[in-house]
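Read through the structure below, which is laid out as structure tokens, and then see the notes.
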Amino acid sequence: MNYEIIASLGPASAAPETWRAMTAAGASSFRLNTSHLEAAQLDGWLGGLEAFCTREQPHMRVILDLQGSKWRLGAFTPFTLQPGQEVMLSRGDECAEGGCLPVPHADFFAAAAQCDGRVALNDARIVLEVLSAEAECVRARVLVGGEIVPRKGITLGGASQRVEQLGDRDRAVVERTRHLPWVGYAVSYVKDAAEMRRYRQIFEPQAQLIAKLERRSAVEGATEIAGAADGLWLCRGDLGAELGLRGMAEAAWEFAQEVRILPVPAALAGQVLEHMTAHAEPTRSEITTIYAALAQGYRGLVLSDETAVGAHPVESVRTAALFRREAE
Ligand SMILES: Nc1ncnc2c1ncn2[C@@H]1O[C@H](COP(=O)(O)OP(=O)(O)O)[C@@H](O)[C@H]1O
Ligand SMILES: C=C(OP(=O)(O)O)C(=O)O
Numbered sequence: 072m073n074y075e076i077i078a079s080l081g082p083a084s085a086a087p088e089t090w091r092a093m094t095a096a097g098a099s100s101f102r103l104n105t106s107h108l109e110a111a112q113l114d115g116w117l118g119g120l121e122a123f124c125t126r127e128q129p130h131m132r133v134i135l136d137l138q139g140s141k142w143r144l145g146a147f148t149p150f151t152l153q154p155g156q157e158v159m160l161s162r163g164d165e166c167a168e169g170g171c172l173p174v175p176h177a178d179f180f181a182a183a184a185q186c187d188g189r190v191a192l193n194d195a196r197i198v199l200e201v202l203s204a205e206a207e208c209v210r211a212r213v214l215v216g217g218e219i220v221p222r223k224g225i226t227l228g229g230a231s232q233r234v235e236q237l238g239d240r241d242r243a244v245v246e247r248t249r250h251l252p253w254v255g256y257a258v259s260y261v262k263d264a265a266e267m268r269r270y271r272q273i274f275e276p277q278a279q280l281i282a283k284l285e286r287r288s289a290v291e292g293a294t295e296i297a298g299a300a301d302g303l304w305l306c307r308g309d310l311g312a313e314l315g316l317r318g319m320a321e322a323a324w325e326f327a328q329e330v331r332i333l334p335v336p337a338a339l340a341g342q343v344l345e346h347m348t349a350h351a352e353p354t355r356s357e358i359t360t361i362y363a364a365l366a367q368g369y370r371g372l373v374l375s376d377e378t379a380v381g382a383h384p385v386e387s388v389r390t391a392a393l394f395r396r397e398a399e
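Below, the structure written as structure tokens:
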């Protein structure tokens with residue numbers, strides 16, 4: 072089988088020798104999640120990657136992941152949320168005082184007042200119960216705790232209202248990179264085809280543009296969204312937070328039924344080889360799911376934590392390449 076392997080870069084894969092080894096193991100593109108990078112950090116990555124891509128791997132693409140309308144926490148010192156503890160989510164880019172979570176998005180607070188009472192953080196690894204919701208502050212109790220770090224995703228149960236647009240951060244990234252032919256973009260949290268068509272206008276006409284399917288409406292409207300995109304990623308991390316595990320599995324199964332007839336290639340994302348973040352081997356279940364996805368017609372795999380923060384970035388790529396034609 073022939074398919075793309077998109078390897079996310081992060082602290083575990085910041086060195087050119089790791090890029091070289093991941094490329095040799097089968098990575099066809101790299102992904103940089105710009106939500107985790109300040110402008111100067113992004114410049115640092117792009118400087119190194121430009122030299123690598125243009126001198127060593129002229130076919131390599133770097134996909135810049137844009138936040139789109141996805142809600143993410145701002146900046147704060149990491150801490151651990153204990154079950155039963157009360158926590159404040161306050162409007163702002165950062166929080167200096169301990170135990171407070173900054174949320175930079177005004178539309179989050181409007182939606183929180185109407186949600187079903189659940190706030191999920193970091194793809195629902197952490198769950199909060201809303202106690203009160205005001206214009207600039209949500210008070211919540213921790214139901215499922217754990218360590219929370221900056222810039223992690225926020226999901227509200229039962230809330231569909233949000234402002235669909237590229238924020239200032241995203242627009243600055245596009246302006247900074249629009250002249251780079253080896254760069255493409257993946258837009259998070261696209262709602263529908265109309266939104267994707269609006270985004271298309273912002274980029275250079277030849278720019279590679281991927282729509283990340285992370286909401287029910289996007290999975291249901293995938294064929295229409297594909298009309299304004301060069302590729303689709305089925306993002307099971309956010310879908311799991313949006314729809315719950317059962318809803319995510321149903322949506323992924325339905326999407327797989329039509330993946331072969333989509334007008335653009337689709338890639339599978341979200342915990343593809345999660346086990347390999349900490350272990351040198353995948354689970355049987357992960358490998359079986361990858362094989363089934365490729366047999367169904369997926370044309371790519373996106374590795375996230377596995378290559379960005381995992382202990383085995385190169386081995387993860389090699390494992391993802393198991394079903395490549397040349398590996399047979
Ligand atoms: N430049 C970076 N610096 C630090 N951590 C990063 C960076 N890029 C990605 N990560 C981390 O790598 C992991 C995978 O990244 P990603 O798939 O973008 O995750 P998420 O969307 O959940 O934040 C996450 O744990 C994220 O926090
Ligand atoms: C790959 C995904 O997107 P993100 O990294 O933005 O959470 C996902 O949700 O599965």
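The sequence shown begins at 72 in the working numbering and counts up one residue at a time. Quick reminder that beta carbons are idealized off the backbone N, C-alpha and C, glycines included. Keep in mind it's a predicted model, so treat the numbers as computed, not measured.
Collapsed DSSP secondary structure at residue i in the structure displayed
| i | result |
| --- | --- |
| Thr226 | strand |
| Phe150 | strand |
| Asp194 | coil |
| Pro87 | helix |
| Ala340 | strand |
| Trp324 | helix |
| Leu135 | strand |
| Val335 | coil |
| Cys124 | helix |
| Val373 | strand |
| Gly217 | strand |
| Arg189 | strand |
| Arg233 | coil |
| Arg143 | strand |
| Pro276 | coil |
| His350 | coil |
| Trp311 | Reading off the sequence, residue 311 comes out as Gly, not Trp. Of the three classes helix, strand and coil, the one that applies to Gly311 here is helix, per DSSP. |
| Arg242 | helix |
| Leu365 | helix |
| Trp116 | helix |
| Val380 | coil |
| Met72 | coil |
| Gly97 | coil |
| Glu357 | helix |
| Leu251 | coil |
| Leu108 | coil |
| Gly318 | helix |
| Glu205 | coil |
| Trp297 | The identity of residue 297 in the sequence shown is Ala, whereas the question assumes Trp. The answer is helix: DSSP assigns Ala297 an H, G or I state. |
| Glu291 | helix |
| Ala167 | coil |
| Ala184 | coil |
| Arg269 | helix |
Residues that residue i bridges to, as DSSP identifies them
| i | result |
| --- | --- |
| Ala264 | In DSSP, Ala264 forms no bridge with anything. |
| Arg212 | Glu157 and Glu200 |
| Ala282 | Val258 and Leu303 |
| Ser79 | Arg102 |
| Arg162 | Val174 |
Close beta carbons around residue i, own chain, < 8 Å, minus the five adjacent residues each side
| i | result |
| --- | --- |
| Thr125 | Trp253 |
| Val380 | Gly81, Pro82, Ala83 and Thr348 |
| Arg249 | Phe274, Glu275 and Ala278 |
| Pro221 | Leu144, Gly145, Ala146, Phe147 and Pro149 |
| Leu284 | Val261, Val290, Ala293, Ile296, Leu303, Trp304, Leu305, Cys306, Leu310 and Phe326 |
Buried or exposed by the 16-neighbour rule on C-beta atoms within 10 Å, applied to residue i
| i | result |
| --- | --- |
| Thr94 | buried |
| Gly341 | buried |
| Asp187 | exposed |
| Ser259 | buried |
| Ala211 | buried |
| Val244 | buried |
| Pro129 | exposed |
| Ala86 | exposed |
| Leu314 | buried |
| Tyr256 | buried |
| Ala382 | exposed |
| Gln138 | buried |
| Ala111 | exposed |
| Pro334 | exposed |
Residues of its chain near residue i, where Cβ-Cβ distance is below 6 Å and the 5 sequence neighbours each way are ignored
| i | result |
| --- | --- |
| Asn73 | Arg396 |
| Asp178 | Arg233 and Val234 |
| Ala98 | Ile76, Ala78 and Val388 |
| Leu160 | Leu172, Val174 and Val209 |
| Ser203 | Arg210 |
| Ala364 | Leu339 |
Own chain partners of residue i with C-beta closer than 7 Å, once the 5 adjacent residues on each side are dropped
| i | result |
| --- | --- |
| Ala338 | Glu75, Ile77, Gly302, Trp304, Tyr369, Arg370, Gly371, Leu372 and Val373 |
| Ala182 | Leu227, Ala230, Gln232 and Arg233 |
| Pro175 | Gly145, Gly163 and Asp164 |
| Thr354 | His346 |
| Ser288 | Lys262 and Asp263 |
| Asn104 | Ser79 and Asp136 |
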